[in-house]
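Encoded as structure tokens, the structure appears first; notes follow it.
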Amino acid sequence: QSALTQPASVSGSPGQSITISCTGTPTDSGTYNLVSWYQQFPSRAPKLILYEVSNRPSGVSDRFSGSRSGNTASLTISGLQAEDEADYYCCSYGGSRTMVFGGGTKLTVL
Amino acid sequence: QVQLVQSGAEVKMPGASVKVSCKASGYTFSKNALHWVRQAPGQSLEWMGWINADNGYTSYSPSFEGRLTITRDRPATTVYMDLSGLTFEDTGLYYCARHLDSGDHIQYYYGLDVWGQGTAVSVSS
Numbered sequence: 022q023s024a025l026t027q028p029a030s031v032s033g034s035p036g037q038s039i040t041i042s043c044t045g046t047p048t049d050s051g052t053y054n055l056v057s058w059y060q061q062f063p064s065r066a067p068k069l070i071l072y073e074v075s076n077r078p079s080g081v082s083d084r085f086s087g088s089r090s091g092n093t094a095s096l097t098i099s100g101l102q103a104e105d106e107a108d109y110y111c112c113s114y115g116g117s118r119t120m121v122f123g124g125g126t127k128l129t130v131l
Numbered sequence: 241q242v243q244l245v246q247s248g249a250e251v252k253m254p255g256a257s258v259k260v261s262c263k264a265s266g267y268t269f270s271k272n273a274l275h276w277v278r279q280a281p282g283q284s285l286e287w288m289g290w291i292n293a294d295n296g297y298t299s300y301s302p303s304f305e306g307r308l309t310i311t312r313d314r315p316a317t318t319v320y321m322d323l324s325g326l327t328f329e330d331t332g333l334y335y336c337a338r339h340l341d342s343g344d345h346i347q348y349y350y351g352l353d354v355w356g357q358g359t360a361v362s363v364s365s
């Protein structure tokens, strides 16, 4: 399975909403919901922010939301804040008992 | 609290092997799968493989097939990642990560909710 495709960078101003796409996610009925998203700050371990496409772990802001359509999953961050500036990675089931990550998207808050 | 603590940085020669440990605490070790994820300098995350901490079953990325072995020691609640035949391209940060709780049956692909601090592996001659 090839890496999932994400835009290399996105940007937005404080208060705005941005969406990061992730293309290449599964479409089969048994695996289409196996999409997760991670936030990573420099020199820090990744942090899970969404699982099963749109579920937020406890403690994650509801400004983070997820959706999917066809083979593309999306992460939306609403009410953008300076502290959201980080790298974001999608991840999905890759077939044959594997997982695959996207190439990552650098979010810049202007 | 749930915690994964990894072993310290390693420097290896090309062709050598490296073994990184990941000590789990704060939860029932046998109830979750544990994954390994690599990140080369300035690059994206790369999934390596997982192990079922209960029965020891594993699955590996084809990118590492034949070079990667993941094992676990249940009494010690520790998982190990052993990578052989190291090349310069194996330099990077190696993370262990726990699959989130999924009820009675261990799952593998929903999401990784707890991560270790990472172990730097440098391959240099």
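Those protein sequences? They're chains A and B, same order as listed.
Numbered per my numbering, the first sequence finishes at 131, counting up by one with no gaps.
Numbered per my numbering, the second sequence finishes at 365, counting up by one with no gaps.
All C-beta atoms, glycine included, are put in the ideal place defined by N, C-alpha and C.
Discussion item. According to DSSP, is B:S303 part of a helix, a strand, or is it coil?
Written reply: B:S303 falls in the helix class under three-state DSSP.
Fill in: Closer than 8 Å to chain A by CB, B:G332
no
Practice prompt. Have a look at the DSSP bridge pairing and note the partners of B:F269.
Written response: None; B:F269 has no bridge partner.
Worksheet item: For A:M120, which residues from the same chain have a beta carbon less than 8 Å from its beta carbon, with the 5 sequence-adjacent residues on both sides left out?
Response: C112, S113 and Y114
Worksheet item: Can you find a CB in chain B that lies within less than 8 Å of the CB of A:F62?
Response: no
Worksheet item: By the criterion of Cβ-Cβ separation under 8 Å, what are the contact partners of A:Y114 in chain B?
Response: Y349
Discussion item. With a threshold of 7 Å (Cβ to nearest heavy atom), would B:P254 be considered close to the ligand SAH?
Written reply: No copy of the ligand SAH occurs in the structure displayed, which carries no ligand at all.
Worksheet item: B:V363: buried (16+ other C-beta within 10 angstroms of its C-beta) or exposed?
Response: buried
Worksheet item: Taking three-plus beta-carbon pairs below 8 Å as touching, is the region 244 to 256 of chain B in contact with the region 78 to 93 of chain A?
Response: no
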